[in-house]
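A.B. asks: Residue numbering for the sequence shown is 0 to 171, as defined by numbering that gives the first Met the number 0. Handing you a structure now.
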Amino acid sequence: MSVRCQGFHDGLCGIYSVTNAFKHLTKCNQEAEIALFKRMIDSDYFKKSCIYDGLSVKQLADIINDIQPYLTVGAYKVSIQQKNLDVERSDSYFKTLKKLLEENENSVAIIGIEGKINHWTVVYNVTDDQMQVADSGGMKVINRTFCIVSNRNIDNKYNLIPSEVFLVSKMK
Numbered sequence: 000m001s002v003r004c005q006g007f008h009d010g011l012c013g014i015y016s017v018t019n020a021f022k023h024l025t026k027c028n029q030e031a032e033i034a035l036f037k038r039m040i041d042s043d044y045f046k047k048s049c050i051y052d053g054l055s056v057k058q059l060a061d062i063i064n065d066i067q068p069y070l071t072v073g074a075y076k077v078s079i080q081q082k083n084l085d086v087e088r089s090d091s092y093f094k095t096l097k098k099l100l101e102e103n104e105n106s107v108a109i110i111g112i113e114g115k116i117n118h119w120t121v122v123y124n125v126t127d128d129q130m131q132v133a134d135s136g137g138m139k140v141i142n143r144t145f146c147i148v149s150n151r152n153i154d155n156k157y158n159l160i161p162s163e164v165f166l167v168s169k170m171k
């Protein structure tokens, strides 16, 4: 019997990506993590259809804006800002995202992917050839050779969407 994981029957990867980014940066306990998850599900912007259809960039941005005041753990506050990477190729996407994370200490990025999968994931490290991810579906890395930046999706490639990037930063 095969085990079902997040994403098999649901489209909650956007919710999980915010939770995973928050947990990665703050090392919060499970209680804080569950409270954040519930707050997102209880948001006025979360619709029942999001459970099986997933979240558009606008829906995710609306939920993030709604919960932003509650993104604190102890002395730390977490800020989430939508970014638009000005790139047209996957190598430029990787370089630009790498620079964004390097320039913003204590940060990760939530990115939108289409094509091979429609998904939200958390990037915490970028090299020229791969992104290391904290992913609700179990991915560990995304290799650049399997990525494109395109107006059309190709089923066997990860289409990186430059306008679907959220910078998540921890501050005192």
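A virtual CB, placed ideally from N, CA and C, is assigned to each residue, including glycine. Treat the numbers as computed from the prediction; the structure is a model and nothing was measured.
Taking only the alpha-carbon atoms, compute the straight-line gap between Asp-134 and Ser-16 and give it to the nearest angstrom.
C.D. replies: Here residue 134 refers to the residue found at position 135 when the sequence shown is read from its first residue. Here residue 16 refers to the residue found at position 17 when the sequence shown is read from its first residue. Each residue's Cα considered, the two are about 7 Å apart.
A.B. asks: Does DSSP put Gly-136 in a helix, in a strand, or in coil?
C.D. replies: Taking the sequence shown and counting its residues from 1, one reaches residue 136 at position 137. Gly-136 falls in the coil class under three-state DSSP.
A.B. asks: Please tell me whether Val-121 and Ile-109 are closer than 7 Å, where the distance is taken between their beta carbons.
C.D. replies: Here residue 121 corresponds to residue number 122 of the sequence shown, with the count starting at 1. Here residue 109 corresponds to residue number 110 of the sequence shown, with the count starting at 1. Their beta carbons are under 7 Å apart, which means Val-121 touches Ile-109 by this criterion.
A.B. asks: So, Asp-92 versus Val-140, is the Cβ gap smaller than 7 Å?
C.D. replies: Reading the sequence shown from its first residue, position 93 is the one you call residue 92. Reading the sequence shown from its first residue, position 141 is the one you call residue 140. Looking at the sequence provided, one finds Tyr at residue 92 rather than Asp. Contact: no.
A.B. asks: With C-beta atoms as the reference, is Ser-106 less than 7 Å away from Leu-166?
C.D. replies: Translated into the one-based positions of the sequence shown, residue 106 becomes position 107. Translated into the one-based positions of the sequence shown, residue 166 becomes position 167. Cβ distance < 7 Å, so Ser-106 and Leu-166 count as in contact.
A.B. asks: DSSP three-state label for Cys-4, please.
C.D. replies: Against the sequence shown, residue 4 aligns to sequence position 5. Residue state, collapsed to three classes: coil.
A.B. asks: Could you tell me which residues DSSP puts in a beta bridge with His-118?
C.D. replies: Sequence index remark: in the sequence shown, residue 118 carries index 119 (1-based). Answer by DSSP bridge pairing, in chain order: Ile-112.
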